[in-house]
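*Asks:* In the numbering used here, the protein residues as written are 25 to 113. Just so it is clear, CB atoms sit at the ideal spot from N, CA and C, and this is done for glycine as well. Remember, predicted model here, so these are calculated numbers, not experimental data.
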């Protein structure tokens, strides 16, 4: 392997690890806040918590979590390798 390929693999591996950490933090904090809200609604309001409308933070957090989803990581990694392979110079 050439040094450029080794650097590309290192950058790609770091990108994957960082994205998994970010997704874990986002999804974990989303679930924590959601469970906190569910417990509060279930305990105090008498509202059927299973059918409540999403609050203002739930949808942006879900969209962010899916945008950073690990499903997109292999495609990003392959794109990086493709660009390094066919980059001019």
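What residue range does the alpha helix (DSSP H) around residue 34 cover?
*Replies:* Counting from 1 along the chain shown, the entry for residue 34 is found at position 10. Looking at the DSSP string, the run of the alpha helix (DSSP H) that includes residue 34 is 27 to 64.
*Asks:* Rank 27, 37, 31 by C-alpha distance to the C-alpha of residue 98 and give the top, closest one.
*Replies:* The residue you call residue 98 lines up with position 74 of the chain shown. Measuring from the Cα of residue 98, the nearest candidate turns out to be 37.
*Asks:* Inspect the beta-carbon positions of residue 41 and residue 108 and report whether they are closer than 8 Å.
*Replies:* Along the chain shown, one-based indexing puts residue 41 at 17. Along the chain shown, one-based indexing puts residue 108 at 84. In this structure, residue 108 does not lie closer than 8 Å to residue 41 by Cβ.
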